[in-house]
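K.L.:
Questions regarding the structure given below will be posed in turn.
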Amino acid sequence: MKRFGLATVALLLAVIAVVVVRGTRAAPPALPAEKLAPLAVDAAAAAEHLAALLRFETVSKQDGAPDLATFDRLRGMLEATYAKLHAALVHERAGEDGGSLLYTWKGSDPTAKPLLFMAHLDVVPVEPGIAWTEPPFAGKIAGGFVWGRGALDDKSSVIGLCEAVEALLATGYAPRRTIYLAFGHDEEVGGRRGASRMAALLESRGVKPELVLDEGLFIVHGVLEGAPAPVAMIGIAEKGYASVELLVESAGGHSSMPPPETAVGILAGALSRLEHAQMPTRLAGAPRQLFETVAPFMPAWKRLVLTNLWLFSPMVQRSLAGKPTTNALVRTTTAPTILEGSVKDNVLATRARAVVNFRILPGDSVAGVVAHVNAAVNDNRVRVTLLQTTVSEPSPQASTESAGYSSIVQAIHQTFPDVLVAPGLMVAATDSRHMRVLGADTYRFAPHVLAAEDLKRIHGTDERIALTDLEQGIRFYAQVIRNADAATR
47 MKRFGLATVA LLLAVIAVVV VRGTRAAPPA LPAEKLAPLA VDAAAAAEHL
97 AALLRFETVS KQDGAPDLAT FDRLRGMLEA TYAKLHAALV HERAGEDGGS
147 LLYTWKGSDP TAKPLLFMAH LDVVPVEPGI AWTEPPFAGK IAGGFVWGRG
197 ALDDKSSVIG LCEAVEALLA TGYAPRRTIY LAFGHDEEVG GRRGASRMAA
247 LLESRGVKPE LVLDEGLFIV HGVLEGAPAP VAMIGIAEKG YASVELLVES
297 AGGHSSMPPP ETAVGILAGA LSRLEHAQMP TRLAGAPRQL FETVAPFMPA
347 WKRLVLTNLW LFSPMVQRSL AGKPTTNALV RTTTAPTILE GSVKDNVLAT
397 RARAVVNFRI LPGDSVAGVV AHVNAAVNDN RVRVTLLQTT VSEPSPQAST
447 ESAGYSSIVQ AIHQTFPDVL VAPGLMVAAT DSRHMRVLGA DTYRFAPHVL
497 AAEDLKRIHG TDERIALTDL EQGIRFYAQV IRNADAATR
């Protein structure tokens with residue numbers, strides 16, 4: 047017994063020693079000093095161009111065709127604004143109804159794998175009755191910002207890419223690799239008419255990119271507690287997407303004579319059971335890489351924990367699961383979003399319906415989500431149906447050792463020399479998921495510096511982008527084009 051006690055103490059001391067050594071040895075590396083290639087950027091003109099783009103009310107519609115006349119006028123504005131781009135690049139109206147735009151900048155080396163840059167032209171609706179500081183479709187420049195729906199998501203990426211290509215063409219730059227720009231027109235409602243069709247078109251042409259870069263994560267400050275500098279997070283993976291319908295049908299009747307259980311009550315019980323049976327947490331893949339990458343820069347106690355996730359992972363998972371913003375990093379989330387019942391307050395519903403949205407963690411699956419819902423609901427009076435409107439499995443994880451990833455990291459350090467760079471998980475859905483058929487490493491990053499309060503503006507009120515961010519975004523896109531084009535791996 048005594049020997050057992052001594053062995054336990056020795057083991058405990060050994061574990062403590064390993065934890066301390068790993069934590070203290072994880073000194074923060076020096077940030078690389080990267081030089082940004084000179085580029086003439088007219089920041090004031092770029093702001094005016096973005097403001098003009100924001101005035102087009104390219105609002106996505108979940109049901110029905112998009113307003114193609116508005117997209118046509120937008121296309122005309124781009125053609126008039128970026129003369130060099132439209133003279134040098136092949137440009138096509140793409141997608142199911144021609145609302146998307148596909149540009150091809152032919153490279154000099156047909157054997158070099160091409161590059162694909164993505165953005166989208168559509169925006170989400172504006173919530174009625176909510177006042178904005180500046181009208182959402184006025185395209186106003188004020189107070190050091192460009193204001194309007196789409197300023198962050200995602201018309202600034204469209205302008206950033208177009209301005210970058212226009213500026214590179216003005217220098218006489220000619221790419222070695224062929225470069226594609228793919229601008230979808232229905233990303234906010236799933237991308238089935240736009241990006242999905244462009245992906246099929248590129249696949250039919252045998253296009254196999256070296257990298258795909260789409261919108262995604264940002265440079266955030268004040269979001270990762272303890273980080274001594276803003277953190278540029280590159281999305282190397284994306285959560286899957288599925289919505290499940292729960293439906294209960296009953297005889298209905300007058301509310302003065304209700305049965306013991308109503309359709310609404312049965313549905314409410316099913317939703318309660320589902321919310322209380324959350325899918326399990328897991329700290330793996332991109333989120334784990336994020337914390338391991340920033341660990342050396344953290345204060346001592348956080349560094350001790352994050353450099354020893356082999357031991358502290360359960361504790362970290364519990365902590366992350368306690369906040370909605372970080373809970374999404376460690377589990378497939380469950381979000382009831384739509385409820386439908388009776389048409390009148392004194393009429394019992396004959397049909398009670400709910401839709402629950404799931405964002406699926408890599409490692410889980412759509413089939414696994416449906417099985418989980420059935421097990422949690424556990425009531426044959428509730429019909430469970432996977433809605434087919436938008437369904438996507440979690441993405442594969444892109445390499446952090448590839449030439450493409452290195453090109454993006456280098457461009458970030460060149461453009462934003464004082465930020466940390468780390469891989470991350472994109473918890474929302476992007477058009478890039480449609481490009482999986484091309485078999486390329488896919489990255490999700492938008493070169494904007496945002497605080498926590500700025501993140502609420504995306505799909506929210508008072509969406510805006512700083513003029514400095516817009517200019518730096520243009521320089522970033524030009525630099526990543528140069529870096530990736532020159533990469534020999």
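Quick note, the sequence shown lines up with residues 47 to 535 if you use this note's numbering. Idealized CB from N, CA, C, for every residue including glycine.
Can you name, in chain order, every residue of its own chain whose Cβ lies under 8 Å from the Cβ of V416, other than the five neighbours on each side?
P.N.:
Excluding residues within five positions, the ones whose Cβ falls inside 8 Å are A288, V290, V430 and L432.
K.L.:
Kindly indicate which residue of R319, P326, A497 and I384 has the alpha-carbon position closest to the one of D425.
P.N.:
Selected option, being the one with the closest Cα: R319.
K.L.:
By Cβ distance below 6 Å, which residues in the same chain neighbour T224 in space, the five residues on each side in sequence not counted?
P.N.:
Only K152, G153 and P160 meet the Cβ criterion.
K.L.:
Is it the case that the Cβ atoms of S441 and T488 are separated by a distance below 8 Å?
P.N.:
Yes, these two residues count as a Cβ contact at 8 Å.
K.L.:
Apply the 10 Å Cβ neighbour rule to N354 and answer buried if 16 or more other Cβ atoms are within range, or exposed otherwise.
P.N.:
Looking at its Cβ environment, which holds 16 or more other Cβ atoms inside 10 Å, N354 is buried.
K.L.:
Relative to the C-alpha of A422, which candidate in A316, L350 and D232 has its C-alpha closest?
P.N.:
Comparing Cα-Cα distances from A422 to each of A316, L350 and D232, the minimum goes to A316.
K.L.:
Under a Cβ-count criterion, where at least 16 other Cβ atoms within 10 Å of its own Cβ denotes burial, should V340 be classed as buried or exposed?
P.N.:
By the neighbour-count rule (16 or more Cβ atoms within 10 Å), V340 is buried.
K.L.:
Please go through the segment 409–480 and give each complete alpha helix (DSSP H) segment of 4 or more residues, from N-terminal end onward.
P.N.:
For the segment 409–480, whole alpha helix (DSSP H) runs of length 4 or above, ordered along the chain, are 412–423 and 449–461.
K.L.:
Can you name, in chain order, every residue of its own chain whose Cβ lies under 7 Å from the Cβ of L385, other than the five neighbours on each side?
P.N.:
Cβ within range, chain order: A400.
K.L.:
Specify whether the segment 212–227 and the segment 160–172 touch according to this definition: at least 3 beta carbon pairs, one from each stretch, less than 8 Å apart.
P.N.:
Yes, they touch.
K.L.:
Any idea what DSSP makes of T372, helix, strand or coil?
P.N.:
The answer is helix: DSSP assigns T372 an H, G or I state.
K.L.:
Can you tell me whether DSSP reads R239 as helix, strand or coil?
P.N.:
R239 falls in the coil class under three-state DSSP.
K.L.:
Starting from N392, follow its DSSP beta bridges and name the residues at the other end.
P.N.:
Partner(s): none; N392 has no beta bridge.
K.L.:
Which residues in the same chain have their Cβ closer than 8 Å to the Cβ of K186, if we skip the five residues on either side of it in sequence?
P.N.:
Same-chain partners within the cutoff: A97, E180, V192, W193 and G194.
K.L.:
Using 10 angstroms around the beta-carbon of E271, count the other beta-carbons present and answer buried if the total reaches 16, otherwise exposed.
P.N.:
Exposed, because fewer than 16 other Cβ atoms sit within 10 Å of the Cβ of E271.
K.L.:
If you reduce the DSSP assignment to three classes, tell me which class N354 lands in.
P.N.:
DSSP places N354 in coil when its eight states are reduced to three.
K.L.:
Is the segment 231–239 touching the segment 290–306 in the sense that three or more CB pairs, one from each, lie closer than 8 Å?
P.N.:
In short, these stretches do not touch, since the Cβ pair count stays below three.
K.L.:
Once DSSP output is grouped into helix, strand and coil, what is the label at A400?
P.N.:
A400: strand per DSSP, three-state reduction.
K.L.:
Are the CB atoms of A486 and V540 within a distance shorter than 8 Å?
P.N.:
Residue numbering for the chain in the displayed model covers 47 to 535; residue 540 lies beyond these limits and cannot be assessed.
K.L.:
Are the Cβ atoms of V169 and S106 separated by less than 8 Å?
P.N.:
Result yes, Cβ atoms of V169 and S106 sit closer than 8 Å.
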